[in-house]
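Comments concern the structure below.
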Amino acid sequence: MNWFQKELKLKPFSRGFHLITDEILNAIPEIKQIKIGQMQVFIKHTSASLTINENADYTVRLDFESHFNKMVPENAPYYKHTYEGPDDMPAHIKASLLNTSVQIPITNGKPNLGIWQGIYLCEHRDYGGSRNLVITAYGT
5 MNWFQKELKL KPFSRGFHLI TDEILNAIPE IKQIKIGQMQ VFIKHTSASL TINENADYTV
65 RLDFESHFNK MVPENAPYYK HTYEGPDDMP AHIKASLLNT SVQIPITNGK PNLGIWQGIY
125 LCEHRDYGGS RNLVITAYGT
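This note's numbering numbers the first residue of the sequence shown as 5 and each following residue consecutively.
Have a look at this one:
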C-alpha cells in the first residue's frame with residue numbers, strides 16, 4: 005500500500021464557488037502510482053468548504069452562490085457571533101452544510117470522477133484569504 009500526503013496553499017479566491025480540481029491534481033502527481041485507491045481532500049478552515057459538482061457550466065457555481073446566500077443570509081437578527089463581520093457567521097453555517105472534505109476513488113492513477121464532476125472550493129467569506137488543503141492519497 006502506498007500513502008502520499010501533500011499540503012496545498014491556494015491563492016485567495018473571491019467569495020463564491022471555484023473549480024480547483026486541476027490545482028489539487030497538480031499538487032499530488034504521485035496518485036499516478038496508485039492503481040486502486042482513495043484520495044481525500046480536507047480544508048483546514050471553518051469558513052470555507054469543499055464539494056463535488058458540475059465542472060463544465062460555470063453558471064452552476066453562480067447559482068450555488070445565489071442559493072446559499074438566500075438560504076443563509078447575512079445579518080440575521082439571531083446571530084450572536086458577529087464581531088468578525090456580517091459574512092462570518094453565515095460562512096461557518098455554509099461550511100457545515102457542505103463539508104470540510106471530499107473523498108474520491110482513484111482508478112488507474114486518476115481520480116475516478118464522473119465526466120461532469122469537479123472539486124469546488126466554496127469560499128464563503130468576502131475576503132477569506134488563502135486557504136490550506138491537505139490531500140491524502142493511498143492505495144495499491
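Glycine is no exception: its CB is placed at the ideal position from the N, C-alpha and C atoms.
The Cβ atoms of Ile-47 and Arg-135 sit closer than 8 angstroms to each other.
In its chain, beyond the 5 residues on either side, Ser-51, His-128 and Arg-129 have a beta carbon closer than 6 angstroms to the beta carbon of Ala-95. Where Lys-48 is concerned, there is no enclosing beta strand (DSSP E), because DSSP gives it neither an H nor an E. Taking the C-beta atoms as reference points, Leu-137 is found no nearer than 8 angstroms to Glu-34. With fewer than 16 other Cβ atoms from the protein chains shown falling within 10 Å of its own Cβ, Ala-60 counts as exposed. The beta carbon of His-22 sits closer than 6 angstroms to those of Leu-125, all from its chain and outside the five residues before and after it, given in chain order.
Rounded to whole angstroms, the separation of the alpha carbons of Tyr-83 and Asn-6 is 46 angstroms. Contact between the stretch 38-47 and the stretch 95-112 is present, with at least three C-beta pairs closer than 8 angstroms.
Per DSSP, His-71 is one residue of the alpha helix (DSSP H) stretching across 62-75. Comparing alpha-carbon positions, the option among Leu-14, Arg-19, Gly-20 and Ser-18 lying closest to Asn-30 turns out to be Leu-14.
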